[in-house]
Amino acid sequence: MTNECPRSRGNFSYWLHPHWTGRGLATMATAALVGQGFQLAGIDRIEIHHDAANPASGAVALRLGFTEIERTQAPEGPVAPGEVGINVVWRMTADQWKARTAEHAERAS
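Structure below.
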C-alpha cells in the first residue's frame, strides 16, 4: 500500500501461485489490507488495478464491494505474458468501507 498521491489514495497489488487460487486467500488478505489501510492517517480511498485479462483480480475487488471506475489502455502496453494492456481500476472510499463493515457486523450479530 502506498500513499504517493497528493489525493491520499492507497494502492496495492496481489499475486498468487495458481496452486493457491480459489481458496479465498486473496480476498481475505485484501480485506485485511484495506481495513488497515483505512486506519492510516489521510487515506480516503484505496484502488485495485489489474490487467483486463485477469478477471480473478476483478472478482476479488467485486467481492469486497469495490466499484470499477475505469478501463484505460496501459501506456506501456502488455507487460507480462497473457496481458492485454488494458488497465482496470476499482475504487473503495473510506466511507464505503465503513458502511460495508458495519453492515457485515450487523449481519453477523
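Note that the working numbering has the sequence shown beginning at 17, numbered continuously upward.
Yeah, the Cβ is synthetic: ideal placement off N, Cα and C, and Gly gets one too.
As far as DSSP is concerned, Thr46 takes part in no beta bridge.
In the assembly as shown, Asp60 is an exposed residue. Its beta-carbon has fewer than 16 other beta-carbons within 10 Å. One thing to note: Ile85 has its Cβ no nearer than 8 Å to the Cβ of Ala77. The Cβ atoms of Gly101 and Gly93 sit closer than 8 Å to each other. Under the DSSP assignment, Arg61 falls in the beta strand (DSSP E) whose first and last residues are Arg61 to Asp67. In the DSSP assignment, Gln89 falls within the unbroken beta strand (DSSP E) covering Thr83 to Gln89. Residue pairing for Arg107: DSSP places it in a beta bridge opposite Glu63 and Thr83. By the neighbour-count criterion, in which a residue is buried when 16 or more other Cβ atoms sit within 10 angstroms of its Cβ, Met108 is buried.
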